[in-house]
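Below is one structure, written out as structure tokens, with a few remarks after it.
Number of protein chains: 2
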Amino acid sequence: MSSSAGYTPTDRTVPTRARERASYDKELVHAILDEGYLCHLGFVRDGAPVVLPTLYGRVGETLYVHGSTGSRPLRAAGQAEDPGLPVCLTVTHVDGLVLARSGFHHSINYRSVVVHGTARPVIGDDARREAVDALVNHVLPDRTEGARGANAKELAATAVLAIDLNEVSAKVRSGGVNDEPEDYELPYWAGVIPVRTAYGTPQPDDRLAPGTEVPAHITDFLATRS
Amino acid sequence: MSSSAGYTPTDRTVPTRARERASYDKELVHAILDEGYLCHLGFVRDGAPVVLPTLYGRVGETLYVHGSTGSRPLRAAGQAEDPGLPVCLTVTHVDGLVLARSGFHHSINYRSVVVHGTARPVIGDDARREAVDALVNHVLPDRTEGARGANAKELAATAVLAIDLNEVSAKVRSGGVNDEPEDYELPYWAGVIPVRTAYGTPQPDDRLAPGTEVPAHITDFLATRS
Numbered sequence: 001m002s003s004s005a006g007y008t009p010t011d012r013t014v015p016t017r018a019r020e021r022a023s024y025d026k027e028l029v030h031a032i033l034d035e036g037y038l039c040h041l042g043f044v045r046d047g048a049p050v051v052l053p054t055l056y057g058r059v060g061e062t063l064y065v066h067g068s069t070g071s072r073p074l075r076a077a078g079q080a081e082d083p084g085l086p087v088c089l090t091v092t093h094v095d096g097l098v099l100a101r102s103g104f105h106h107s108i109n110y111r112s113v114v115v116h117g118t119a120r121p122v123i124g125d126d127a128r129r130e131a132v133d134a135l136v137n138h139v140l141p142d143r144t145e146g147a148r149g150a151n152a153k154e155l156a157a158t159a160v161l162a163i164d165l166n167e168v169s170a171k172v173r174s175g176g177v178n179d180e181p182e183d184y185e186l187p188y189w190a191g192v193i194p195v196r197t198a199y200g201t202p203q204p205d206d207r208l209a210p211g212t213e214v215p216a217h218i219t220d221f222l223a224t225r226s
Numbered sequence: 001m002s003s004s005a006g007y008t009p010t011d012r013t014v015p016t017r018a019r020e021r022a023s024y025d026k027e028l029v030h031a032i033l034d035e036g037y038l039c040h041l042g043f044v045r046d047g048a049p050v051v052l053p054t055l056y057g058r059v060g061e062t063l064y065v066h067g068s069t070g071s072r073p074l075r076a077a078g079q080a081e082d083p084g085l086p087v088c089l090t091v092t093h094v095d096g097l098v099l100a101r102s103g104f105h106h107s108i109n110y111r112s113v114v115v116h117g118t119a120r121p122v123i124g125d126d127a128r129r130e131a132v133d134a135l136v137n138h139v140l141p142d143r144t145e146g147a148r149g150a151n152a153k154e155l156a157a158t159a160v161l162a163i164d165l166n167e168v169s170a171k172v173r174s175g176g177v178n179d180e181p182e183d184y185e186l187p188y189w190a191g192v193i194p195v196r197t198a199y200g201t202p203q204p205d206d207r208l209a210p211g212t213e214v215p216a217h218i219t220d221f222l223a224t225r226s
């Protein structure tokens with residue numbers, strides 16, 4: 001996909017302020033989505049907003065979320081009339097604490113993606129299997145190579161929702177401190193504290209068979225995140 | 001506050017499943033909220049959910065979020081009739097990737113807080129100044145000691161919303177892998193990869209006056225997060 005390909009901005013995805021931080025570039029959106037695995041999924045229940053943390057996966061221009069067939073959003077989407085349950089799915093990575101000379105200009109460096117759309121239930125065992133595999137591999141690339149795939153009973157107990165990437169924007173704040181001109185003379189320390197997600201040494205399960213080595217898909221992942 | 005003090009569960013804060021992971025303990029809720037500074041704030045616009053990442057602060061049983069007076073949620077709350085704008089504010093910390101022998105039992109270790117409530121505009125300069133100071137000090141404890149406080153112009157440009165902690169729950173998943181009994185014989189590696197938020201060396205602003213040392217409130221913070 002060429003770097004010029006982008007999502008079409010809409011009234012919902014054009015911010016009212018700080019427009020220079022917004023982007024509709026597909027490569028940027030995909031990169032932000034693929035670095036994470038936890039999203040905050042919003043939907044409306046009885047007229048009020050609900051925001052729940054949940055895992056997600058991506059296959060091309062479709063995101064998948066899943067849950068128990070008994071969970072509220074999954075039931076709501078399953079019962080929803082066409083075109084599905086309106087959702088807003090947001091992913092955010094924090095890159096730094098921006099400490100300015102004035103309280104007003106304190107900020108964080110971050111990269112976020114906001115997806116507006118409708119969640120529809122994924123139907124059919126093959127499609128559902130592809131979706132749950134995508135969820136597992138989104139937590140850790142190639143993880144399905146080192147784990148047992150879902151059986152019929154597990155697939156039946158798992159509700160999967162699909163959300164197409166159409167109305168999407170990224171937002172990025174990077175760089176240093178922006179203070180008021182007259183504040184640069186103040187005797188305060190100002191700068192950025194870098195923030196990142198750190199991964200520790202894998203802790204083996206107590207019942208692991210002796211001699212079971214940490215597989216390459218895990219050591220490869222950790223090498224890219226160290 | 002005693003550790004027995006808790007929020008009263010409601011239909012919205014009792015999960016339909018995995019109820020053993022839910023807690024209404026105020027100390028736990030406060031600890032999860034105080035470890036973070038980024039929340040995902042959900043509200044309803046034109047009948048559809050919107051979830052935006054934003055900073056928050058806490059003073060006792062009140063959370064504060066802020067933004068430009070021109071931003072959409074702040075305007076909506078400012079125009080809302082009593083009792084305010086319905087919101088759902090969610091904070092999540094990821095503690096580990098739980099890699100099971102089966103794809104189905106993959107999970108993450110996490111601690112989250114979900115707050116249901118109504119956001120009301122904070123009125124009055126003193127109350128607004130306390131709120132914006134709380135926001136700055138939530139990013140980094142005691143940070144307002146090392147930065148210029150908000151002036152009248154900045155306060156006027158900042159909309160602040162307050163959300164009371166009434167309808168609140170925490171959810172925690174910790175520990176190791178839970179596999180199906182028959183899967184423990186499989187030749188797959190299983191275990192937990194610890195995840196944490198890591199803070200790097202403070203990067204001073206290019207225009208910092210020579211000899212300006214990194215202040216104690218920053219070195220103290222980094223010492224608690226290393």
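Chains as they are written, first to last, in the working numbering: chain A, 1 to 226; chain C, 1 to 226. By construction, the Cβ of each residue, glycine as well, lies at the ideal position given by its N, Cα and C atoms. Please read all numbers here as calculations on a predicted model, not as lab measurements.
For residue i, count the other beta carbons within 10 Å of its own beta carbon; 16 or more makes it buried, fewer makes it exposed. Which is it?
| i | result |
| --- | --- |
| residue 198 of chain A | exposed |
| residue 201 of chain A | exposed |
| residue 2 of chain A | In this prediction, residue 2 of chain A has a pLDDT of 44, which is less than 50 and means its spatial position is unreliable; what the coordinates show is noted afterwards. Result: exposed. |
| residue 228 of chain A | Because chain A here runs from 1 to 226, residue 228 of chain A falls outside it and cannot be looked at. |
| residue 171 of chain A | buried |
| residue 175 of chain C | exposed |
| residue 153 of chain A | exposed |
| residue 14 of chain C | exposed |
| residue 112 of chain C | buried |
| residue 134 of chain A | buried |
| residue 151 of chain A | exposed |
| residue 210 of chain A | exposed |
| residue 218 of chain C | buried |
| residue 90 of chain A | buried |
| residue 159 of chain A | buried |
| residue 53 of chain A | buried |
| residue 169 of chain A | buried |
| residue 126 of chain A | exposed |
| residue 16 of chain A | exposed |
| residue 178 of chain A | exposed |
| residue 18 of chain C | exposed |
Using alpha carbons as the reference points, say which of the options lies closest to residue i.
| i | options | result |
| --- | --- | --- |
| residue 104 of chain A | C/25, C/131 and C/95 | C/131 |
| residue 45 of chain C | C/16, C/106 and C/86 | C/86 |
| residue 162 of chain A | A/128, A/52 and A/214 | A/128 |
| residue 195 of chain A | A/188, A/107 and A/121 | A/107 |
| residue 224 of chain C | C/18, C/65, C/34 and C/94 | C/34 |
| residue 21 of chain A | A/206, A/212 and A/110 | A/110 |
| residue 220 of chain C | C/141, C/67 and C/50 | C/141 |
| residue 68 of chain C | C/192, C/181, C/226 and C/157 | C/157 |
| residue 216 of chain C | C/121, C/146 and C/49 | C/146 |
| residue 187 of chain A | C/18, C/119, C/143 and C/148 | C/148 |
| residue 59 of chain C | C/164, C/191, C/207 and C/180 | C/164 |
| residue 144 of chain C | C/122, C/57, C/31 and C/36 | C/57 |
| residue 193 of chain C | C/123, C/94 and C/138 | C/94 |
| residue 66 of chain A | A/123, A/226, A/8 and A/17 | A/123 |
| residue 92 of chain C | C/30, C/179, C/184 and C/206 | C/30 |
| residue 190 of chain A | A/97, A/208 and A/63 | A/97 |
| residue 63 of chain C | C/181, C/5, C/117 and C/205 | C/117 |
| residue 84 of chain A | A/51, A/120 and A/182 | A/120 |
| residue 48 of chain A | C/12, C/32 and C/18 | C/12 |
Could you pull the start and end residues of the beta strand (DSSP E) that residue i belongs to?
| i | result |
| --- | --- |
| residue 158 of chain A | 158 to 164 |
| residue 122 of chain C | Premise fails: residue 122 of chain C is in no beta strand (DSSP E) and is neither H nor E. |
| residue 50 of chain A | 48 to 59 |
| residue 95 of chain A | 85 to 99 |
| residue 14 of chain A | Taken as a continuous stretch (DSSP letters only), residue 14 of chain A belongs to no beta strand (DSSP E), as it is neither H nor E. |
| residue 29 of chain A | Looking at the DSSP string, residue 29 of chain A is not in any beta strand (DSSP E); the run it does join, the alpha helix (DSSP H), is 26 to 35. |
| residue 64 of chain C | 62 to 68 |
| residue 40 of chain A | 38 to 45 |
| residue 198 of chain C | 191 to 199 |
| residue 169 of chain C | 167 to 173 |
Can you name the start and end residues of the alpha helix (DSSP H) that residue i belongs to?
| i | result |
| --- | --- |
| residue 217 of chain A | 216 to 225 |
Between the region 157 to 172 of chain C and chain A, which residues of the former have CB atoms less than 7 angstroms from a CB of the latter, in chain order? Of all residues in the region 157 to 172 of chain C, none is placed with a Cβ closer than 7 angstroms to any Cβ belonging to chain A.
The region 40 to 56 of chain A: positions lying closer than 9 angstroms to chain B by Cβ: The structure shown contains no chain B; its protein chains are A and C.
Are at least three pairs of beta-carbons, each pair with one atom in the region 16 to 26 of chain C and one in the region 37 to 52 of chain C, less than 8 angstroms apart? At 8 angstroms Cβ cutoff, the stretches do not touch.
Pull out every residue of the region 12 to 23 of chain A whose Cβ sits closer than 9 angstroms to any Cβ of chain C, in chain order. If the cut-off is 9 angstroms between Cβ atoms, the region 12 to 23 of chain A has 12, 15, 16, 17 and 18 near chain C.
Residues of the region 121 to 134 of chain A with a CB closer than 9 angstroms to any CB of chain C: list them in chain order, please. Flagged, chain order: 132 and 133.
Interface positions of the region 201 to 218 of chain C facing chain A (Cβ-Cβ less than 8 angstroms), listed along the chain: Of all residues in the region 201 to 218 of chain C, 201, 202, 203, 204, 205, 206, 207, 208, 209, 212, 213, 214, 215 and 218 have a Cβ within less than 8 angstroms of some Cβ in chain A.
At a Cβ cut of 7 angstroms, what residues of the region 172 to 185 of chain C count as close to chain A, listed as they run along the chain? Correct list: 176, 177, 183 and 184.
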